[in-house]
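Since the structure comes first, as structure tokens, the remarks are kept for the end.
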Amino acid sequence: MTTARLPLFPLNAVLFPGLVLPLNVFEERYRAMMRELLKTDEDEPRRFAVVAIRDGRETAPTAVGMPDTTSAPDATDRGPADGFGPDPVQTFHRVGCIADAAKIRERADGSYEVLATGTTRVRLLSVDASGPYLTADFEELDEDAGDEAGALAEGVLRAFRSYQKRLAGASERSLTTGADLPDDPSVVSYLVAAAAVLDIPTKQRLLQAPDTATRLREELTLLRSETAVIRHLPSLPAVDLTRAPTHPN
């Protein structure tokens, strides 16, 4: 397994390979991370790792991945591990995703607008809080197809289209069509996991599935179950989810 030490960005969300991650970076510890990433040559990937925060372990977020500043020191005074407990590694899920920051733009107030893309699943090995921001050691995880991934992907795409129709209503004209959806089983599995309206523990379970086929099997079960539930609801407030570009936030 390939191992690497990378800057660590904890989030109250799950990032999947191939999915776009927009970030609003305003805390000093994360600003310091972005300043360091900007030192990387533009021809090289500006990589950091994203891990989801375990339910009940973080303070209430005020922005994606950020603990509540009303019950903590000023953002300029926060240490790298503040809000994540005495042993941060226990606060985070152990499987995350490397992100490649294609865009890092500094605003006039010193905050950053970041646009990154998930690339590779990784397993969290250890966390280091000795610097201005968290860093961590990771090992990259291979993505095996598993048995029947191709056939499962076709079934998941059919179930996903039905799920979208139930969310948006049968007359919705902006639904994703078959031509817009990928045919690579692993890409299908990540796209559906990110696009479906699921809680963080469920998305995390899908991210850390041992292979693509296992992830697709679980998605097929989830989509059929969710579609059946939606069918019996008089209305659903999540309609707009089918009209916007897909990203994990």
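For what it's worth, the numbering used here labels the leading residue of the sequence shown as 1, then goes sequentially. All C-beta atoms, glycine included, are put in the ideal place defined by N, C-alpha and C.
- DSSP places Ala116 outside any alpha helix (DSSP H); the residue lies instead in the beta strand (DSSP E), whose first and last residues are 112-128.
- Looking at Glu154, Leu207, Arg123, the one whose alpha-carbon comes closest to that of Leu141 is Arg123.
- Listed in chain order, the non-local C-beta contacts of Thr227 below 8 Å within the same chain comprise Ala159, Ser162, Tyr163, Arg166, local neighbours out to five positions each way being set aside.
- For Leu6, the enclosing beta strand (DSSP E) starts and ends at 3-11.
- Residue burial annotation: Thr117 is buried, with at least 16 other C-beta atoms found within 10 angstroms of its C-beta.
- Taking C-alpha positions only, Leu206 is separated from Ser225 by approximately 16 Å.
- With a cut-off of 8 Å on Cβ pairs, the region 23-40 is not in contact with the region 136-152, counting fewer than three such pairs.
- One thing to note: Leu15 has its Cβ within 9 Å of the Cβ of Cys97.
- A buried status is given to Gln204, since no fewer than 16 other beta-carbon atoms sit within 10 Å of its beta-carbon.
- If you look at Ala81, you'll find it isn't in any alpha helix (DSSP H); DSSP assigns it neither H nor E.
- In terms of Cβ geometry, Leu216 and Pro185 form a close pair [threshold 9 Å].
- Checking the DSSP bridge columns, you'll see Leu15 has no partner listed.
- For the pair Val127 and Val51, the Cα-to-Cα distance works out to about 11 Å.
- Taking a C-beta distance under 9 Å as the contact criterion, Arg47 and Thr119 qualify as a contact pair.
- Under the three-state reduction of DSSP, Arg166 is assigned to helix.
- Under the criterion of beta carbons closer than 8 Å, Val188 and Val156 qualify as touching, at roughly 6 Å.
- Taking a C-beta distance under 9 Å as the contact criterion, Pro210 and Asp144 qualify as a contact pair.
- Going by DSSP, Ala52 is part of the beta strand (DSSP E) stretching over 47-52.
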